[in-house]
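Numbering (the numbering used here), first residue to last: 700 to 898.
A virtual CB, placed ideally from N, CA and C, is assigned to each residue, including glycine.
Note that the structure is predicted; figures quoted are calculated from it, not measured.
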């Protein structure tokens, strides 16, 4: 399946726009909320950025009224921990059947076939437009300029996203998977130990 944005393997070392792309934490990242995380960026502008951690599935199952989405839920069928901000917020991500250029009822496109969906909507109405859904609790957020500064400091690699990243059926392996497919020496990071002094 083609990358959701750009060509796979593109890396920017100076404050790129990141919407629709991945932030891959570089080891070691001291904040335990983000150590070895892969984040999909939903928005990034001068006022700040918002993204979802893709590789933190939880043991939480969908409960009423969100259990109506179970039939559309992609495996693993649990609620994912999207980040430490607003942990009461539930966010739905979806793969659309065709590329959606402009928002339509209950669906907001992000990049390619990846969109967000309104979880308060009737899933039967959304099902006509999407193939699968994943639900996240909370999100990762940065204030204006904060994410750019962290990228410039080397805390994050900005890499192109593939649909399989956002909806991976092996999220626990995603950090390694994304790094391994990168060209050249960048792929070596996938083998980095937690304690770099051991390398």
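Is it buried or exposed, residue i, if we count other Cβ atoms within 10 angstroms and call 16 or more buried?
i, result
"residue 787", "exposed"
"residue 845", "exposed"
"residue 890", "exposed"
"residue 864", "buried"
"residue 744", "exposed"
"residue 898", "With a pLDDT of only 46 at residue 898, under 50, the local geometry of the prediction cannot be trusted, and the value read off the model is given with reservation. Residue 898 comes out exposed."
"residue 824", "exposed"
Could you please give the first and the last residue of the uninterrupted beta strand (DSSP E) stretch that includes residue i?
i, result
"residue 824", "Element bounds for residue 824: not the beta strand (DSSP E) but the alpha helix (DSSP H), 822 to 825."
"residue 724", "721 to 724"
"residue 855", "855 to 858"
Look at residue i and residue j and say whether their C-beta atoms are less than 9 Å apart.
i, j, result
"residue 820", "residue 792", "no"
"residue 725", "residue 856", "yes"
"residue 796", "residue 818", "no"
Checking the sheet assignment: what are the DSSP bridge partners for residue i?
i, result
"residue 818", "DSSP lists no partner for residue 818."
"residue 740", "750"
"residue 831", "794"
Taking the continuous alpha helix (DSSP H) assigned at residue i, which residues delimit it?
i, result
"residue 862", "862 to 865"
"residue 876", "873 to 879"
"residue 850", "845 to 851"
Throw me the rounded Cβ distance for the residue i and residue j pair, which I believe falls under 8 Å.
i, j, result
"residue 762", "residue 777", "Not confirmed; about 12 Å, so no contact."
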